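Quick note on the working numbering: the sequence shown kicks off at 473 and runs consecutively.
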Amino acid sequence: MPVGFLAVSGVIAVLAPWYSAAPQGLQRSAVVWGAGAVALGVAFLDVRRPARGGSGLRVPAAVVGIGLVAVAVWPSSPHLMNRGEVGSTNAAYLRASEERADEAAEVRRRLPDGALVQYLAFGDEAYFIGHASPCPYPIPTFLQRTRYLPDVSTLDSYAENARCLDEDPPRYAVLNRGWFPPGKIDRALARRIEARYACPPAPARQLVVCRLR
Numbered sequence: 473m474p475v476g477f478l479a480v481s482g483v484i485a486v487l488a489p490w491y492s493a494a495p496q497g498l499q500r501s502a503v504v505w506g507a508g509a510v511a512l513g514v515a516f517l518d519v520r521r522p523a524r525g526g527s528g529l530r531v532p533a534a535v536v537g538i539g540l541v542a543v544a545v546w547p548s549s550p551h552l553m554n555r556g557e558v559g560s561t562n563a564a565y566l567r568a569s570e571e572r573a574d575e576a577a578e579v580r581r582r583l584p585d586g587a588l589v590q591y592l593a594f595g596d597e598a599y600f601i602g603h604a605s606p607c608p609y610p611i612p613t614f615l616q617r618t619r620y621l622p623d624v625s626t627l628d629s630y631a632e633n634a635r636c637l638d639e640d641p642p643r644y645a646v647l648n649r650g651w652f653p654p655g656k657i658d659r660a661l662a663r664r665i666e667a668r669y670a671c672p673p674a675p676a677r678q679l680v681v682c683r684l685r
């Protein structure tokens, strides 16, 4: 029974959910790698130690095993990390998902039943709204990425995604100006969208329903 490895892993499992509350200086990849290295080092010492009877450790071992499996879904465990820093916890992500679901319900009330939609919004929002899109690219990621990477407009996938605006577009489009800001994406693309759809003014983070001109 790898007593040392179980003990160190158990401590890591207990501390992990509070990692998102640690100082920013500790929320780095090196810290996580270091914790893993400590656990592996102790495991190596376990292997080097002569074997002994360990039947009395079955219950603690099971508890540690459950903790290691469950830690990923604890409310305060990190859900999203970027370059070693916690972007959100499981609980925060759940709250954000519930907010998106509420916003999507309001959008659905403004759309006719069964209406096809051109999404100019994030994937979660399209998922919660639930209306089908005739476009092979229901989420306009290739179009949106031109706000960061202008060269995306040279890709075949960009051209395929953009054709959805010209080839029999649906009567309705859903726009999230926070994620898909018409003033920051490729200018030619923004003009095509403006020529195709009339969108009401609204705060940047609010979903709006646009109508085909």
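Glycine residues also receive a C-beta, built at the ideal position from the N, C-alpha and C atoms. In this text the structure is predicted, and so the values were computed from the model without any measurement.
Item	Value
Could you spell out where the alpha helix (DSSP H) holding Tyr-565 opens and where it closes?	562 to 581
Near Ala-604, which residues of its chain fall below 7 Å by C-beta distance, leaving aside the five closest residues on each side in sequence?	Leu-588
To the nearest angstrom, report how far apart Ala-507 and Arg-619 are at their CA atoms.	38 Å
Do you know offhand how far Ala-576's Cα is from Pro-550's?	26 Å
DSSP state of Tyr-701, grouped into three classes?	The structure shown has nothing for residue 701, since the chain only spans 473 to 685.
Going by the CB atoms, is the gap between Tyr-644 and Gln-590 shorter than 9 Å?	yes
Helix, strand or coil: which one does DSSP assign to Glu-557?	strand
Taking only three categories from DSSP, how would you classify Leu-588?	coil
Is it buried or exposed for Ala-502, if we count other Cβ within 10 angstroms and need 16 for buried?	exposed
With distances taken Cα to Cα, identify the nearest neighbour of Pro-584 among Cys-682, Trp-490, Thr-613 and Phe-652.	Cys-682
Apart from the five residues just before and just after Ser-625, which ones in its own chain have a Cβ nearer than 6 Å to its Cβ?	Thr-618 and Asp-658
I want to know whether the region 636 to 643 touches the region 661 to 677 - three or more CB-CB distances under 8 Å.	yes
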